[in-house]
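Let me begin by presenting the structure, written as structure tokens, before commenting on it.
Number of protein chains: 2
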Amino acid sequence: VKQFKTVAIVSTGTEILQGMYADTNAQWLAQRLCGLGLRVVAETAAPDDAACVESALRFAARRADLVICSGGLGPTGDDVNCEILSRVFGAKLVYDNHVHDMIVERFSRRGVEVPTGNDKQSYVPEGASVFYNDWGTAPGWFLSPADERGVSGDDVVAAAAIALPGPPKELKPMFDRYVPEILAERLSGDLFVRTHTLHIYGYPESEIGTYVSQMFRARSDVDFTILARPMGIDLRITGHAATVEALDALIDEVERETVSLLPRNAVYGTDNVSLAEVVGDLLKSRGEWVSTAESCTGGLISKFLTDVPGSSSWFECGYVTYANSAKMLMLDVSADTLSTYGAVSEETAREMAASARRLSGTDYALATTGIAGPGGGSDTKPVGLVYIALATSTEVIVKKQVFLFDRELNRVHAALTALNMLRGYMMEHPVHS
Amino acid sequence: VKQFKTVAIVSTGTEILQGMYADTNAQWLAQRLCGLGLRVVAETAAPDDAACVESALRFAARRADLVICSGGLGPTGDDVNCEILSRVFGAKLVYDNHVHDMIVERFSRRGVEVPTGNDKQSYVPEGASVFYNDWGTAPGWFLSPADERGVSGDDVVAAAAIALPGPPKELKPMFDRYVPEILAERLSGDLFVRTHTLHIYGYPESEIGTYVSQMFRARSDVDFTILARPMGIDLRITGHAATVEALDALIDEVERETVSLLPRNAVYGTDNVSLAEVVGDLLKSRGEWVSTAESCTGGLISKFLTDVPGSSSWFECGYVTYANSAKMLMLDVSADTLSTYGAVSEETAREMAASARRLSGTDYALATTGIAGPGGGSDTKPVGLVYIALATSTEVIVKKQVFLFDRELNRVHAALTALNMLRGYMMEHPVHS
Numbered sequence: 137v138k139q140f141k142t143v144a145i146v147s148t149g150t151e152i153l154q155g156m157y158a159d160t161n162a163q164w165l166a167q168r169l170c171g172l173g174l175r176v177v178a179e180t181a182a183p184d185d186a187a188c189v190e191s192a193l194r195f196a197a198r199r200a201d202l203v204i205c206s207g208g209l210g211p212t213g214d215d216v217n218c219e220i221l222s223r224v225f226g227a228k229l230v231y232d233n234h235v236h237d238m239i240v241e242r243f244s245r246r247g248v249e250v251p252t253g254n255d256k257q258s259y260v261p262e263g264a265s266v267f268y269n270d271w272g273t274a275p276g277w278f279l280s281p282a283d284e285r286g287v288s289g290d291d292v293v294a295a296a297a298i299a300l301p302g303p304p305k306e307l308k309p310m311f312d313r314y315v316p317e318i319l320a321e322r323l324s325g326d327l328f329v330r331t332h333t334l335h336i337y338g339y340p341e342s343e344i345g346t347y348v349s350q351m352f353r354a355r356s357d358v359d360f361t362i363l364a365r366p367m368g369i370d371l372r373i374t375g376h377a378a379t380v381e382a383l384d385a386l387i388d389e390v391e392r393e394t395v396s397l398l399p400r401n402a403v404y405g406t407d408n409v410s411l412a413e414v415v416g417d418l419l420k421s422r423g424e425w426v427s428t429a430e431s432c433t434g435g436l437i438s439k440f441l442t443d444v445p446g447s448s449s450w451f452e453c454g455y456v457t458y459a460n461s462a463k464m465l466m467l468d469v470s471a472d473t474l475s476t477y478g479a480v481s482e483e484t485a486r487e488m489a490a491s492a493r494r495l496s497g498t499d500y501a502l503a504t505t506g507i508a509g510p511g512g513g514s515d516t517k518p519v520g521l522v523y524i525a526l527a528t529s530t531e532v533i534v535k536k537q538v539f540l541f542d543r544e545l546n547r548v549h550a551a552l553t554a555l556n557m558l559r560g561y562m563m564e565h566p567v568h569s
Numbered sequence: 137v138k139q140f141k142t143v144a145i146v147s148t149g150t151e152i153l154q155g156m157y158a159d160t161n162a163q164w165l166a167q168r169l170c171g172l173g174l175r176v177v178a179e180t181a182a183p184d185d186a187a188c189v190e191s192a193l194r195f196a197a198r199r200a201d202l203v204i205c206s207g208g209l210g211p212t213g214d215d216v217n218c219e220i221l222s223r224v225f226g227a228k229l230v231y232d233n234h235v236h237d238m239i240v241e242r243f244s245r246r247g248v249e250v251p252t253g254n255d256k257q258s259y260v261p262e263g264a265s266v267f268y269n270d271w272g273t274a275p276g277w278f279l280s281p282a283d284e285r286g287v288s289g290d291d292v293v294a295a296a297a298i299a300l301p302g303p304p305k306e307l308k309p310m311f312d313r314y315v316p317e318i319l320a321e322r323l324s325g326d327l328f329v330r331t332h333t334l335h336i337y338g339y340p341e342s343e344i345g346t347y348v349s350q351m352f353r354a355r356s357d358v359d360f361t362i363l364a365r366p367m368g369i370d371l372r373i374t375g376h377a378a379t380v381e382a383l384d385a386l387i388d389e390v391e392r393e394t395v396s397l398l399p400r401n402a403v404y405g406t407d408n409v410s411l412a413e414v415v416g417d418l419l420k421s422r423g424e425w426v427s428t429a430e431s432c433t434g435g436l437i438s439k440f441l442t443d444v445p446g447s448s449s450w451f452e453c454g455y456v457t458y459a460n461s462a463k464m465l466m467l468d469v470s471a472d473t474l475s476t477y478g479a480v481s482e483e484t485a486r487e488m489a490a491s492a493r494r495l496s497g498t499d500y501a502l503a504t505t506g507i508a509g510p511g512g513g514s515d516t517k518p519v520g521l522v523y524i525a526l527a528t529s530t531e532v533i534v535k536k537q538v539f540l541f542d543r544e545l546n547r548v549h550a551a552l553t554a555l556n557m558l559r560g561y562m563m564e565h566p567v568h569s
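Protein chains in written order, with the numbering used here: chain A, 137 to 569; chain B, 137 to 569.
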């Protein structure tokens, strides 16, 4: 079979060409394809217009061994890709009964009849390896080069093709389940590449930079990137090796060296783990429970915690006491405290956390009260001021922070700071059994 | 002079093709160009490689009247664009003294000699209108179509070209200062373009498609897009007109026609509004309050509601009763109900909503209980099953849904369905004063 060295990505969607959003599918695909040792030689976005899509596919096919096309497989009239792909890559469309059955089953599980438009999604190119869609309705597929299928014609390009649905929630899992396996025999190199990410919360990017910059310069066998994201700082380590074992050993060694240069417990997790997952794992391993009492974060801490599958074995409940009346009614915050110190105060945060812990019977409670913005600030209590409290069996710790972001990010950082306080406490207070 | 109708964007930079970042320059340029009444027919990203850049430029030039190329004008060896652009568009490079002086001045202000590499940045194509760079060193430029310059050749393309530096901090201000003015005489009439978005929740994309497809085909004066997003369906209407007034009238007319074809109240809002904002606006105008009682959504409904600035004037509180013990303790759900019907049941949802409304003293309460997944499902209660309840002054309405997404999206849709139930109720029950 033909070996693939180069790949071109074609994204379709009029919205992209109108600047509604950046083509993040292409970015994600480029990362994955580089990880498979392929060279991405072009990324093209075309509007949902037959002539534009066709010319983009022909351009891509001239440039690369393999064309990956995303989008345009939906049920509506502006989803034109299936027909164009079949013409350009030389394979007539055939009805796939299994795809049809999956679509019928998907709608029947929801107690709905299959809408007319969805029927056209049961057609796939003849000879294609079909990627069945467990995350939506449109199937994807891989079509080998025309000459391997005994197809030729003036209008038929030589490249192989992969089609994927446009929604990222379908494209990503479909790629990961099907594409590496189907391409394995066509990838020439023994090149193993992996990017390993260390997540850090609560330190400025520049401070992290000073800890690691010397090592970054010294090691030429590994690529480093420091990325400041809204959710914290990512240190990305990219290694290359001839075998999986050598790659694992290299990444392990560099991770240990990096962690040793950073403050104790600064790295909260690696790769796809979230701060809430780390907190959940710690709680679970200790057999402890947490509850929340939220004002300015309005449910965001409990949302983050319950994002974690299995959180029901360590998250008990949350009190979202947005109004002052709710703080009194649900959490027994005293009217005195509210009138003397105000709802946004160390004292209110302290009472909220202590009450939540006592009422729910949990080991820990996290509380927030603050001014998320854009309105509601004053000279003494500016927008972004948040008191964050952690109640434990022995004490209530309150942290005062002033965040300088917008409403959304002020809330996110108040919630993450609360989670990181609980993580830090558990790291410093191991359970002795 | 030649009038421009179509434009193609070429972005260069190896990092883009390695998936380091999404091509946000292309997104920004597409927005600006659509705003100028041009149609963006292709966006292509190419690595910093002469053959790749040249083929991307030639593809772009075949597709469009104007090619806008960004990046690759820097001082280093991998910045190859200037030479390639001059060859493809047929203009030899000439030394520009003013550019040179600006570069020298820029470095001298920093007390630094001009590095060798920067000298090549003083060359621009002969006959180009130069965009002097106040934000960096590389100049940009506009080159009119070859035939207007009396240039021809087999290798020379017919399109006009604009070159811009890659760093967004240089590209954006340079575009805004120079490009609209230089293109003004070449833009054919309809200078005013606007995209208006109608947001819909609770209908499948294909169903919406059947309502509007006939009108979409019939109206050639407007572009339509249907976009299925995680948060619902967007219907995008893009109109063009010669005056702002005509454009407003056109968009208004098309919006009214579209809404009249859709189910009553299907459109919850337009442009940048969120479902939670619409719910908040309705509550505020009615002087009513809402509270929440959440199990599977774990605080997400209250998070969505408190995302809205000013939500403290209509959102009272939320009960995040994740554990069964919390449902009993915080919301008086009876042990009988939990043991007879289970936590995930219509009866539990009903009691949660009714209790939250009663305890908090609000006009409405929204409740959810379900199985977000990935674990916890059974034959009778599958993953994705959610009961969503709305308590009002006269009744408790419970809706049963089975979502087939992942944990995150199942939770998002349970929360949005709850918000949409409250919106629907308020729309159908106007306040009589």
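For every residue, glycine included, the Cβ atom is placed at its ideal position computed from N, Cα and C. For clarity, every value in this text was computed on a predicted model and none was experimentally measured.
Closer than 8 Å to chain A by CB, residue i
i                 : result
leucine 558(B)    : no
glutamine 167(B)  : yes
lysine 439(B)     : yes
leucine 153(B)    : yes
leucine 411(B)    : no
aspartate 515(B)  : no
cysteine 218(B)   : no
tryptophan 271(B) : no
Per DSSP, the bridge partner or partners of residue i
i                    : result
proline 261(B)       : Leu229(B)
isoleucine 576(B)    : The requested residue 576(B) is not part of the displayed model; chain B covers only 137 to 569.
leucine 411(A)       : Bridge partners of leucine 411(A): none, in fact.
tyrosine 455(B)      : Tyr455(A), Ala429(B)
leucine 334(A)       : Leu371(A), Thr406(A)
phenylalanine 140(A) : Leu323(A)
isoleucine 362(B)    : Leu371(B)
Residue-chain proximity (residue i, chain B), Cβ-Cβ < 8 Å
i                : result
cysteine 205(A)  : no
aspartate 326(A) : With a pLDDT of only 45 at aspartate 326(A), under the threshold of 50, the placement of this residue in the model should not be trusted; the figure read from the coordinates follows. Not one chain B Cβ lies under 8 Å of aspartate 326(A).
arginine 313(A)  : no
glycine 434(A)   : yes
valine 176(A)    : yes
histidine 549(A) : no
glycine 213(A)   : yes
alanine 181(A)   : yes
glutamate 544(A) : yes
glycine 345(A)   : no
Beta carbon of residue i nearer than 8 Å to that of residue j
i                : j                 : result
serine 448(A)    : serine 496(A)     : no
leucine 397(A)   : tyrosine 347(A)   : yes
histidine 335(A) : isoleucine 373(A) : no
leucine 502(B)   : leucine 558(B)    : yes
serine 431(A)    : alanine 479(A)    : yes
alanine 181(A)   : threonine 160(B)  : no
alanine 377(A)   : leucine 386(A)    : yes
serine 253(A)    : proline 301(A)    : According to the sequence shown, residue 253(A) is glycine rather than serine. Not closer than 8 Å, so no.
alanine 320(A)   : leucine 279(A)    : no
arginine 194(A)  : alanine 178(A)    : no
arginine 486(B)  : alanine 525(B)    : yes
Name the residues in the stretch 362-378 of chain B whose C-beta lies less than 9 Å from a C-beta of chain A; which are they?
Ile362, Leu363, Ala364, Arg365, Pro366, Asp370, Arg372, Thr374
Using a Cβ-Cβ cut-off of less than 8 Å, list which residues of the stretch 446-475 of chain A approach chain B; keep chain order.
Gly446, Ser447, Ser448, Phe451, Glu452, Cys453, Gly454, Tyr455, Val456, Thr457, Tyr458, Ala459, Ser461, Ala462, Leu465, Met466
Should the stretch 412-420 of chain B be called in touch with the stretch 384-402 of chain B, which here means at least 3 C-beta pairs below 8 Å?
no
Residues within the stretch 185-210 of chain A neighbouring chain B, beta-carbon criterion of under 7 Å:
Cys188, Ser191, Ala192, Phe195, Arg199, Gly210
Does the contact criterion of 3 or more C-beta pairs under 8 Å hold for the stretch 449-456 of chain B versus the stretch 451-471 of chain A?
yes
Validate contact between the stretch 262-271 of chain B and the stretch 308-323 of chain B using beta carbons, cut 8 Å, 3 pairs:
yes
Cβ contact (3+ pairs, closer than 8 Å) linking the stretch 189-202 of chain B and the stretch 220-240 of chain B:
yes
Below 9 Å between beta carbons is the criterion; list the residues of the stretch 517-543 of chain B that meet it against any residue of chain A, in chain order.
Pro518, Gly520, Gln537, Val538, Phe539, Leu540, Phe541, Asp542, Arg543
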